[in-house]
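Asker: To convert a position in the sequence shown, counted from 1, into the working numbering, add 41. First the structure, which I've put down as structure tokens, then a few questions once you've had a look.
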Amino acid sequence: MIKNKDICLPGDFLASIEEFFPGSGVYEMNGNVYASILGKIIYDLKERKVSVEPIKKPSIYLKRETTVIAKVEHVARNLAELKILYVEDTKTQTKLTAYLILKRKSSTLKDSNFLKPEDYLRARVLTTEGNIFVSIRGKNYGLIYADCPICGNPLHPLLKNKNVLVCNICNFKRRSKVSLLYIRTKS
Ligand SMILES: [Zn+2]
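Structure follows, in structure tokens:
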């Protein structure tokens, strides 16, 4: 008798070989058919075949509105590719790739210094289906850490204009979208 359940784990008994032929995602042992992967059980009554359909790996720890810490990898004209390093809400480390759309309407964003590879951002997740897209809108989101491209020292936001980062050593300046949670280091 076949127990009809939706999800199976690898090693779960699915049927005897007399009942169903093994399809994909299963294996046969001693006349029995077992699941070889985590997935959905499909009993094909017409073909008398049992298969396990793999479940698409969901971004378990990434939901909409999740806050993440990400590092900028590449900056294209209107898109930045990021690597999500850390999920704040669940305190998990990841290496997921995410994208940030750069709207070039405001004058700040026209600046080529707006985002650079190696910048660290605090962002929130917009979508997790297909590609992950994040946003840095909101005062707690944006740059949280960047180094000076000239001398390598940490940049710090100006007190009077937090969207301007300045190097205390060589006076290099750049405009960006800076988070209120920018990490202040001693330098
Ligand atoms: Zn500098």
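Beta carbons are placed, not taken as given, at the ideal position from N, Cα and C, and that holds for glycine. Since the structure is predicted, the reported quantities are computational estimates derived from the model, not experimental observations.
1. Under a Cβ-count criterion, where at least 16 other Cβ atoms within 10 Å of its own Cβ denotes burial, should LEU206 be classed as buried or exposed?
2. Taking the straight line between their C-alpha atoms, what separation do you get for TYR140 and ILE224?
3. Could one say the Cβ of VAL67 lies closer than 9 Å to chain D's Cβ atoms, at least one of them?
4. Return the residue from the list TYR127, PRO158 and CYS208 that minimises the CA-CA distance to ARG191.
5. Taking only runs of the beta strand (DSSP E) that begin and end inside the segment 154-183, which ones reach a length of at least 3 residues, in chain order?
6. Going by the CB atoms, is the gap between ASP160 and ALA187 shorter than 9 Å?
7. Quick check: what's the CA-CA separation for ILE142 versus ASN71?
8. Provide the residue span of the beta strand (DSSP E) that contains LYS80, from first to last.
Answerer: With the given structure in hand:
1. Your numbering for residue 206 matches position 165 in the sequence shown. With 16 or more other Cβ atoms within 10 Å, it is buried.
2. Position 99 of the sequence shown holds residue 140. Position 183 of the sequence shown holds residue 224. Whole-angstrom Cα-Cα distance: 22 Å.
3. Absent from the structure: chain D. Only one protein chain is present.
4. Within the sequence shown, the letter at position 150 stands for residue 191. As written in the sequence, residue 191 is Ile, which differs from the Arg given in the question. For ILE191, the nearest C-alpha among the options comes from CYS208.
5. Assignment of beta strand (DSSP E) within the segment 154-183, counting only whole runs of 3 or more residues, yields 161-168 and 173-176 in chain order.
6. Looking up residue 187 in the sequence shown gives position 146. Looking up residue 160 in the sequence shown gives position 119. Judged by their CB atoms, ALA187 and ASP160 are nearer to each other than the 9 Å cut-off.
7. Mapped onto the sequence shown, residue 142 falls at position 101. Mapped onto the sequence shown, residue 71 falls at position 30. The alpha-carbon atoms of ILE142 and ASN71 are separated by roughly 55 Å.
8. In the sequence shown, residue 80 corresponds to position 39, counting from 1. Reading off the sequence shown, one finds Gly at residue 80, where the question assumed Lys. In the DSSP assignment, GLY80 falls within the unbroken beta strand (DSSP E) covering 80-85.
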